[in-house]
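Visitor:
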Amino acid sequence: MGTSRDIHYTTPGLSREDAERVIARLQSRLHAMNDLHLTLKHVHWNVVGPHFIAVHEMIDPQVEAVRGFADDLAERIATLGGSPSGTPGSIVKERDWDDYSLGRAGTQEHLGALDLVYRGVIGTNRTIIEELDDIDLVTQDMIIGQTEQLELFHWFIRAHLEDQGGRLATEGADDERGAAEAAGRA
Ligand SMILES: [Fe+2]
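This note's numbering puts the sequence shown at residues 13 to 198.
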């Protein structure tokens, strides 16, 4: 018995070495999507304030879509001969970002923090899309499709943070707390 992450076959036309490089990137995105749909539910439960119902209800379709992205990424790992890792412990151990930092807070504060969350996820997706250009265009196509949806969701968040001149309340903020405070002040 090998370790659960050894691969013994992959899809035709892809070398095993390239499959391993693709799987590592898929696994990073699987952790990101599992973390994101849990974080979005956490926000759905913890927003308070006069715009509660709008934000509470806006978030559930994002949770459903992101859960679907995780499923597609995991099944792509298995398709390439790998073993997807979806346990909470593996997410915490292998992720290179911090846990979401807000508990009960106003809708604007959470939206400000989510602007930063989406910036991180989308930025890494775009880096991985570029890296996949020479390795596997089929996986790249999957991640491009997911990124388009994530960018749309990011706009839904940002539309709440934007003034009539098109400036974001979170402009210049580079961490979640700072973004939440800036959004709360606006
Ligand atoms: Fe709910």
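The beta carbon of each residue, even a glycine, is placed where N, CA and C say it ideally should be.
With DSSP as the reference, label GLY115 as helix, strand or coil.
Guide: In the sequence shown, the residue the question calls residue 115 occupies position 103. Of the three classes helix, strand and coil, the one that applies to GLY115 here is coil, per DSSP.
Visitor: May I ask you to list the residues that DSSP assigns as paired with LEU180?
Guide: The count along the sequence shown starts at 1 and reaches residue 180 at position 168. Answer is GLU174, bridged to LEU180.
Visitor: Just the Cα atoms here: how many angstroms apart are ALA198 and ALA181?
Guide: Start at 1 with the first residue of the sequence shown, and residue 198 comes out as number 186. Start at 1 with the first residue of the sequence shown, and residue 181 comes out as number 169. Straight-line Cα distance between these residues: approximately 6 Å.
Visitor: Which residues does DSSP pair with VAL60 in a beta bridge?
Guide: On the sequence shown, position 48 is the one that residue 60 refers to. DSSP output for VAL60 lists GLY118 as bridge partner(s).
Visitor: Indicate the three-state DSSP secondary structure (helix, strand or coil) for HIS20 in the structure shown.
Guide: Translated into positions along the sequence shown, residue 20 becomes position 8. HIS20: coil per DSSP, three-state reduction.
Visitor: Quick one: using the 10 Å Cβ neighbour count with 16 as the cut-off for buried, is ALA44 buried or exposed?
Guide: The sequence position of residue 44 within the sequence shown is 32, counting from 1. Buried.
Visitor: Buried or exposed: where does HIS20 fall if 16 or more other Cβ atoms within 10 Å of its Cβ makes it buried?
Guide: Residue numbering aside, residue 20 sits at position 8 when the sequence shown is read from its first letter. Counting Cβ neighbours within 10 Å, HIS20 comes out exposed, since fewer than 16 surround it.
Visitor: What span of residues does the alpha helix (DSSP H) with SER102 cover, start to end?
Guide: Locating residue 102 in the sequence shown gives position 90, where the first residue counts as 1. From DSSP, the alpha helix (DSSP H) with SER102 extends over 100-106.
Visitor: Just checking GLN176 against ligand 3 - is the residue's beta carbon closer than 6 Å to any of the ligand's heavy atoms?
Guide: Only ligand 1 can be found as ligands here, which leaves ligand 3 out of the picture.
Visitor: Pick helix, strand or coil for LEU50, following the three-state DSSP scheme.
Guide: Translated into the one-based positions of the sequence shown, residue 50 becomes position 38. In this structure, LEU50 counts as helix in the three-state DSSP scheme.
Visitor: If you follow the alpha helix (DSSP H) that ALA195 is in, where does it begin and where does it stop?
Guide: Taking the first residue of the sequence shown as 1, we reach residue 195 at position 183. Where ALA195 is concerned, the enclosing alpha helix (DSSP H) stretches over 188-197.
Visitor: Could you compute how far the alpha carbon of ARG28 sits from the alpha carbon of GLY124?
Guide: On the sequence shown, position 16 is the one that residue 28 refers to. On the sequence shown, position 112 is the one that residue 124 refers to. One C-alpha to the other measures close to 42 Å.
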